[in-house]
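Just add 2 to wherever you are in the sequence shown, counting from 1, and you've got my numbering.
The C-beta atom is built at its ideal place from N, Cα and C for all residues, glycine as well.
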Amino acid sequence: MGQVVFLFLGSLAIGIGTGVFAFSLLLRGARAERAGPDRVRVRLPFLGDYFFSPGEKGRGLFVDDALTVREKLRFLSRFLDVDLALHYAREYDITYLGFEGDREDGSWSPGKLAFYVPSTTDAGGYSVFLNPDLDRAGVAEKLSREVGESISPDEVYPFLFLHEVGHTKKAGNQNFYAAVVNLALSGRMRSLRKRRELFALRRKIEEHADRFALRELRAWRRKSASFGERGGQTPSLPA
């Protein structure tokens, strides 16, 4: 009887040891990789592939994505306060902020400072593009003359960004665009009167965007000055 028990326990120990050894081999050979925007594939030796989703409520993140975003935010911070940009992007349906140019090859036309286009994503909204290679001092002087208010070199990109935001529907500029479309559809654009009306409407569109940008830039200056007087750092906009 004792010999039987001994053999049983010995077999059990060998089985457990073999299982632990096999499991450790599986863990060592397992590989995890992205299989989509919200799926992870785990490759197990001999057993094949298994898929799972971390879930939107998870507190984790994909490291490669985080590193990419961090580098992009660092680049963005060379031109804009990141909190400022994200605040206005959320408020005014800016779904993409980039530095690609207006030409097909991604380069910028001479003299082009910034532009916006309706977004092509399913989310809708707008895409805003800023020229990253501007002479800030020269552009600041040009903008100051055009808007009749001093724009410092450090304010060039905030002003350009806010100007493009000022073109959006939520900023109140949509009525002007509707008028332009109605004018274009109402008669022959070759007539001198029609061209003058269209030019006047386009000028109103740009003036509206300038007023919006100046108003928001003044508010940010006041907020920054208030924090500076109290010995604080540059304020962050609400989350």
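- Spatial neighbours of Trp110 in its own chain (CB-CB distance under 8 Å, excluding positions within 5 residues in sequence) are listed in chain order as Gly103, Asp104, Asn133 and Asp135.
- Beyond the five residues adjoining it in sequence on each side, Val84 comes within less than 7 Å, by CB distance, of Leu75 and Leu78 in the same chain, given in chain order.
- In this structure, Ala173 sits away from Pro155, with a CB-CB distance that is not shorter than 8 Å.
- Ile96 and Val141 do not touch by the CB rule: their CB atoms are close to 21 Å apart, not below 8 Å.
- Shortest Cα-Cα distance from Leu99 to any of Glu106, His89 and Asp107 involves His89.
- Per the coordinates, the alpha-carbon of Asp67 lies some 42 Å from the alpha-carbon of Arg147.
- In the three-state reduction of the DSSP assignment, Pro134 falls in the coil class.
- Taking a C-beta distance under 8 Å as the contact criterion, Leu219 and Tyr159 do not qualify as a contact pair.
- Residue state for Tyr94 is assigned as coil, using DSSP reduced to three classes.
- Secondary structure of Gly150 (DSSP, three-state): coil.
- Unbroken beta strand (DSSP E) runs of no fewer than 3 residues, entirely contained in the segment 59 to 128, are found at 96 to 100 and 116 to 120, following chain order.
- Setting aside the 5 residues that flank it on each side, Ala211 is surrounded in the same chain by His165, Gly168 and His169, each with a C-beta closer than 6 Å to its C-beta; the list follows chain order.
- In the three-state reduction of the DSSP assignment, Lys171 falls in the coil class, being assigned neither a helical nor a strand state.
- Phe201 is classed as exposed because its beta carbon has fewer than 16 other beta carbons within 10 Å across all chains shown.
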